[in-house]
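Per this note's numbering, the sequence shown starts with residue 4, numbered consecutively. For reference, the structure is listed below as structure tokens.
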Amino acid sequence: MKIDRNAPIGVFDSGVGGLTVAREIMRNLPSEKIVYFGDTARVPYGSKSQETVIRYSRQIIRFLKEQQVKAIVVACNTASAFIMDAVQEELEGIPILGVIEPGAIVAAKETRNKRVGVIGTTGLISSGIHKEYLQNMDPQIQVFGKACPLFVPLVEEGWLHDPVTTEVAARYLQELKAKEIDTLILGCTHYPLLRATIHEVMGDAVRLVNPAYETALRLRELLQETDLYSLKTAEEEFPYRFFVSDLAEKFKVFANSILPFDVATTQKIDIEKF
Ligand code: DGL
């Protein structure tokens with residue numbers, strides 16, 4: 004299949020959180036167009052089985068293919084942990100990038116004491132995928148995971164700088180502090196928005212890795228390697244399109260709070276049809 008280098012990049016997530024990844028792509032690859040899909044009808048993925056997340060992701064990939072995307076970014080950490088092998092056939096050669104590997108590579112480079120923490124959804128932490136990646140790169144690295152399920156609703160409530168959130172973070176992160184990690188992977192789409200709170204709790208000695216940012220940088224390399232990097236400068240038309248499976252208005256409010264522009268239109272689609 005011939006892929007058009009000026010086609011958009013498909014970015015998908017279980018809901019609004021993946022906008023933290025889309026935002027980094029917008030910042031770091033400004034000439035790229037994006038089609039974003041947030042599965043707001045079926046969020047959260049973090050408490051669902053691998054089988055279900057694979058089924059949902061296959062449907063989304065079919066939808067993105069219909070939008071003729073040139074590459075797919077799995078912005079959701081849970082989906083990135085669960086689906087990569089299972090969706091290869093669906094892709095028909097379209098390059099795909101998840102958020103796990105780019106974050107793990109940087110964590111392996113950054114850690115000095117070889118003690119790395121990972122926080123994320125219950126599904127992500129129980130997958131053990133970071134341990135696999137990190138120990139493949141360096142068998143001496145010890146990996147400590149902690150599920151922090153309350154972070155997602157706190158972020159969606161907008162409580163980014165709030166004593167309640169700080170208290171919850173202190174409770175969750177206590178265990179990782181005791182393990183004396185020096186690097187912590189923010190393994191969930193929503194967590195980069197809690198960076199200040201997590202930093203306050205963990206202290207200056209712990210380097211926080213934001214997979215959203217690292218994924219955008221890796222995406223640039225991937226597009227260059229595959230000759231798919233868009234050569235166009237700023238487009239005349241608005242280069243971003245947003246699709247959701249439910250509650251388009253709520254999505255817009257969240258999107259407008261984290262993106263540097265207002266999302267004027269969001270289209271609701273029936274993802275079960277795909
Ligand atoms: N997007 C999910 C992730 O990064 C968090 C929200 C969910 O559980 O669906 O793992």
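Cβ atoms here follow ideal geometry from the backbone N, Cα and C, with glycine treated the same way.
Figure out for me which residue from 86, 44, 230 and 141 has the closest Cα to the Cα of residue 9. Checking every option, the nearest Cα to that of residue 9 belongs to 230.
Could you give the uninterrupted runs of the beta strand (DSSP E) lying entirely in the stretch 135-161, keeping only those of 3 residues or more? At a cut-off of 3 residues, the continuous stretches assigned as beta strand (DSSP E) that sit fully inside the stretch 135-161 are 145-150.
DSSP-derived helix/strand/coil call for residue 232: DSSP, reduced to helix, strand and coil, places residue 232 outside both helices and strands of the structure shown, so it counts as coil.
Rounded to a whole number of angstroms, what is the C-alpha to C-alpha distance between residue 35 and residue 201? Take the alpha-carbon of residue 35 and the one of residue 201: they are about 31 angstroms apart.
Leaving out the 5 sequence neighbours to the left and right, which residues in its chain are closer than 8 angstroms to residue 270 when beta-carbon positions are compared? Same-chain partners within the cutoff: 244, 245, 246, 247 and 251.
Simplified DSSP state of residue 204, which is helix, strand or coil: In the three-state DSSP reduction, residue 204 falls in the helix class (H, G or I).
Proximity below 8 angstroms, CB of residue 32 to CB of residue 262: Cβ atoms of residue 32 and residue 262: not closer than 8 angstroms.
Answer yes or no: do residue 72 and residue 11 have a C-beta to C-beta separation smaller than 8 angstroms? Against a cut-off of 8 angstroms, the Cβ pair of residue 11 and residue 72 comes out as a contact.
Just to check my reading of the structure: residue 128 and residue 111 have Cβ atoms closer than 8 angstroms, yes? What is that Cβ distance to the nearest angstrom? So it is not a contact: roughly 18 angstroms between Cβ atoms.
What does the alpha-carbon distance come out to for the pair residue 154 and residue 193? Roughly 8 angstroms separates the two Cα atoms.
Roughly how many angstroms lie between the CA atoms of residue 92 and residue 105, to the nearest whole one? Straight-line Cα distance between these residues: approximately 23 angstroms.
Rounded Cβ spacing between residue 78 and residue 15 (contact assumed at less than 8 angstroms): 6 angstroms between Cβ atoms; contact.
Starting from the Cα of residue 180, find the closest Cα among 204, 159 and 145 and give me that residue. The alpha carbon of residue 180 has as its nearest neighbour, out of 204, 159 and 145, the alpha carbon of 204.
Are the CB atoms of residue 146 and residue 121 nearer to each other than 8 angstroms? Going by C-beta atoms, residue 146 is nearer than 8 angstroms to residue 121.
Using a Cβ-Cβ cut-off of 6 angstroms (strictly less than) and excluding sequence neighbours within five positions of residue 3, which residues of its own chain qualify? In the structure displayed, the chain extends from 4 to 277; residue 3 sits before or after that span and is not available.
Should residue 52 be labelled buried (16 or more other beta-carbon atoms within 10 Å of its own) or exposed? Taking all protein chains in view, the Cβ of residue 52 is surrounded by fewer than 16 other Cβ atoms within 10 Å, so the residue is classified as exposed.
So does residue 16 have its beta carbon nearer than 7 angstroms to some heavy atom of ligand 1? Closer than 7 angstroms to some heavy atom of ligand 1: that describes the Cβ of residue 16.
Would residue 80 be called buried (16 or more neighbouring beta carbons within 10 Å of its own) or exposed? Result: buried.
Would you say residue 33 touches ligand 1, meaning its beta carbon is less than 7 angstroms from a heavy atom? No, the Cβ of residue 33 stays beyond 7 angstroms of every heavy atom of ligand 1.
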